[in-house]
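For what it's worth, the working numbering labels the leading residue of the sequence shown as 171, then goes sequentially.
We put the beta carbon where it would ideally sit given N, CA and C, even for glycine.
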Amino acid sequence: MSKTSKLALIPVMLCFFAMGFVDLVGIASNYVKEDLQLTDSVANIFPSLVFFWFLIFSVPTGMLMNKIGRKKTVLLSLVVTVVSLFLPLFGENFPIMLCAFSLLGIGNALMQTSLNPLVSTVMGGGNLASTLTFGQFIKAIASFLAPYLAMWGATQVIPSFGYDWRVLFAIYFVVGIFATIMLGITPIEEERIEGKASSFTECIKLLGTPIVLLSFFGIMCHVGIDVGTNTTAPKILMERLGMTLNEAAFATSLYFIFRTIGCLTGSFFLRVLPNRTFFIISVCMMALSMCGLFIGTEKWMLYTAIALVGYGNSNIFSICFAQALTSMPEKQNEVSGLMIMGLFGGTVFPLLMGFASDAIGQAGAVIVMAIGVVYLFTYINKVKNA
171 MSKTSKLALI
181 PVMLCFFAMG
191 FVDLVGIASN
201 YVKEDLQLTD
211 SVANIFPSLV
221 FFWFLIFSVP
231 TGMLMNKIGR
241 KKTVLLSLVV
251 TVVSLFLPLF
261 GENFPIMLCA
271 FSLLGIGNAL
281 MQTSLNPLVS
291 TVMGGGNLAS
301 TLTFGQFIKA
311 IASFLAPYLA
321 MWGATQVIPS
331 FGYDWRVLFA
341 IYFVVGIFAT
351 IMLGITPIEE
361 ERIEGKASSF
371 TECIKLLGTP
381 IVLLSFFGIM
391 CHVGIDVGTN
401 TTAPKILMER
411 LGMTLNEAAF
421 ATSLYFIFRT
431 IGCLTGSFFL
441 RVLPNRTFFI
451 ISVCMMALSM
461 CGLFIGTEKW
471 MLYTAIALVG
481 YGNSNIFSIC
491 FAQALTSMPE
501 KQNEVSGLMI
511 MGLFGGTVFP
521 LLMGFASDAI
531 GQAGAVIVMA
541 IGVVYLFTYI
551 NKVKNA
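This is the structure:
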């Protein structure tokens with residue numbers, strides 16, 4: 171790695187932290203549900219709305235990178251994200267929160283599509299799955315902190331806020347501005363794109379490549395389970411153990427604690443274990459978790475299940491993403507856009523889980539997530555060990 175790359179790695183990792191802001195949607199939607207007295211199916215519109223924009227913006231972002239470069243695209247994503255964090259400071263009515271979550275989703279779609287390829291530019295090769303996993307570890311720190319910051323705001327008197335969980339947005343707003351400035355002043359050399367850039371239709375046609383399509387569905391399941399768990403875990407504790415929202419919010423933090431540990435240790439295991447072996451271990455942990463979440467009525471069992479899905483799901487994205495990206499090295503920007511479009515699973519799963527939980531309780535939501543785990547078992551044979 172060159173001297174320039176070493177310096178550039180700091181703001182790039184700070185951008186991964188900013189990427190984690192999107193995971194505040196899980197705990198935030200629970201607070202909005204309580205404050206505005208919404209049903210599960212209506213409250214789940216918020217996480218679904220955030221991830222809807224990945225379907226719309228991911229592929230165009232891949233094309234945009236070919237025109238303006240990866241760094242400028244990441245900077246654009248940071249600006250949109252900062253605006254989304256600023257809006258809730260003006261109020262908590264339904265239209266403002268819808269707009270804020272929409273912009274948060276748009277900014278994150280731009281960021282996730284452009285930041286992962288920027289890592290390969292900065293790092294200059296190496297074990298891509300391991301490198302992306304370390305970035306996911308940094309991202310997971312922001313995800314893990316969000317519920318704690320919301321609980322802190324809701325239970326402590328804060329100057330200019332009083333008791334208000336929305337202090338979370340103010341803190342991440344400041345960090346977002348700092349990340350934007352840091353990346354903006356850091357020089358990063360990018361290779362010029364040779365030949366004609368792919369059209370939208372040509373990008374979509376890449377889904378005709380089996381490993382790209384199967385990895386796309388794998389990422390849909392990963393993010394569906396991810397958003398589903400951090401949204402539903404507190405509701406399960408409230409339903410079965412009679413906890414208040416502030417008490418149950420710890421479930422979201424517990425999930426991200428183990429996801430953070432999973433990303434940190436995964437960056438090591440992916441270097442010393444075959445990728446397929448580690449993938450199998452991860453999916454088996456998630457399967458055990460679904461069983462625990464479905465039948466558990468004791469605190470220890472539910473907490474264990476949440477920890478298992480947190481660790482198991484922590485490296486699925488990196489492995490699926492790397493499988494697709496390395497399969498078509500000449501089309502990395504376009505493939506990255508398609509893979510990030512798979513985060514649309516964060517729209518599909520919560521909507522289905524909301525309807526299922528309104529119908530039969532939170533066990534219905536767990537059944538929807540379990541379907542995603544079943545698919546990941548079918549993906550195992552597609553994972554290469556290199």
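Discussion item. Please tell me whether, using a cut-off of 7 Å, the distance from the CB of residue 479 to the nearest non-hydrogen atom of the ligand FMN is below it.
Written reply: Inclusion of the ligand FMN in the displayed structure is not the case, the ligand content being empty and no account of it being possible.
Fill in: Rounded C-alpha distance that separates residue 555 from residue 487
16 Å
Item to complete: Would you tell me roughly how many angstroms separate the C-alpha atoms of residue 220 and residue 520, rounded to the nearest one?
Response: 11 Å
Discussion item. Checking 8 Å against the spacing of the C-beta atoms, do residue 205 and residue 262 come in under that value?
Written reply: yes
Worksheet entry | Three-state secondary structure (DSSP) of residue 467 | coil
Discussion item. Which residue marks the beginning of the alpha helix (DSSP H) containing residue 262, and which one marks its end?
Written reply: Looking at the DSSP string, residue 262 is not in any alpha helix (DSSP H), and its letter there is neither H nor E.
Worksheet item: With respect to the alpha helix (DSSP H) encompassing residue 532, which residues constitute its N-terminal and C-terminal limits?
Response: 532-549
Discussion item. When you compare the CB positions of residue 427 and residue 271, do they come within less than 8 Å of one another, or not?
Written reply: no
Worksheet item: What number of angstroms, rounded off, separates the C-alpha of residue 255 from the C-alpha of residue 533?
Response: 33 Å
Discussion item. Taking only three categories from DSSP, how would you classify residue 177?
Written reply: helix
Fill in: Selection from 448, 477 and 452 that minimises the alpha carbon distance to residue 462
477
Practice prompt. Could you please give the first and the last residue of the uninterrupted alpha helix (DSSP H) stretch that includes residue 350?
Written response: 337-354
Worksheet item: Between residue 401 and residue 284, what straight-line distance do the alpha-carbon atoms span, to the nearest angstrom?
Response: 26 Å
Fill in: residue 226 to residue 266 span [Cα, whole Å]
21 Å
Discussion item. Please report the straight-line C-alpha distance between residue 365 and residue 234, rounded to a whole angstrom.
Written reply: Any reading at residue 365 needs caution, since the residue's pLDDT is 49, under 50, leaving its predicted position unreliable; the model's value is listed next. If I take the Cα positions, the gap works out to 15 Å.
Worksheet item: To which residues of the same chain is residue 411 closer than 7 Å at the C-beta, ignoring the five residues directly before and after it?
Response: 469
Fill in: Coarse secondary structure for residue 492, derived from DSSP in three states
helix
Worksheet item: Taking the alpha helix (DSSP H) that residue 417 falls in, what are its first and last residues?
Response: 415-418
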